[in-house]
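Just below is one structure, and these are the notes that go with it.
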Amino acid sequence: MTNEIKMITFDLDDTLWDNKPTITNAEIETRKWIEDRVGTIDWGDLNEFLQLRETLIKKDRSIAWDISKLRIEIFKEKIKGLASADDITKLAEDAFDYFLKKRHEIKLFPGVESALKTLSENYTLGVLTNGNA
């Protein structure tokens, strides 16, 4: 039996890039995208956001660990009253798709790209993630 390393795996967020500015930008851009379609929204402060999350999770415990679904539900809640009932789900899902697009606009830490290229010459590279990075 050989102990030769053949594969190297990485987590993505905060390993290959700084996740905070990526998520912050995605959030800001998505809010603008939504407001371009429904008008100005009172997004509230952090405490109001956390309270909304808690309320939504109490209604549906399954979204406590499904951050994507939770985000869509938050968008639906914020869009209520600003779009027709028929349009709310579609708008929230489209907003989430836009968020994902922006969430994938990353800036790698310096040296990551060249390091991955060098490593790929001798190892199979992979990623493990618990999200949608």
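The sequence shown begins at 1 in the numbering used here and counts up one residue at a time. Where is the CB? At the ideal position from N, CA and C, for every residue including glycine. The structure presented is a predicted model; accordingly, all values stated were derived computationally and were not measured.
Name, in chain order, the residues that DSSP records as bridge partners for residue 83. Within the sequence shown, numbered from 1, the residue matching residue 83 stands at position 83. 80.
Out of curiosity, what's the CA-to-CA distance linking residue 98 and residue 71? The residue labelled residue 98 in the question sits at position 98 within the sequence shown. The residue labelled residue 71 in the question sits at position 71 within the sequence shown. Cα-Cα distance, rounded: 12 angstroms.
Work out the CA separation of residue 67 and residue 128 for me, nearest whole Å. Position 128 of the sequence shown, counted from the first residue, corresponds to residue 128. Position 67 of the sequence shown, counted from the first residue, corresponds to residue 67. So the two alpha carbons sit approximately 17 angstroms from each other.
Residue 10 in three-state terms, based on DSSP: Walking along the sequence shown from the start, residue 10 turns up at place 10. Strand at residue 10.
To which residues of the same chain is residue 38 closer than 8 angstroms at the C-beta, ignoring the five residues directly before and after it? As a working mapping, residue 38 is identified with position 38 in the sequence shown. 79, 82, 83 and 91.
Please state whether DSSP places residue 22 in a helix, a strand or coil. Mapped onto the sequence shown, residue 22 falls at position 22. Residue state, collapsed to three classes: helix.
Taking 8 angstroms as the cut-off, decide whether the C-beta atoms of residue 35 and residue 28 are in contact. Position 35 of the sequence shown holds residue 35. Position 28 of the sequence shown holds residue 28. Taking 8 angstroms as the Cβ cut-off, residue 35 and residue 28 do not qualify as a contacting pair.
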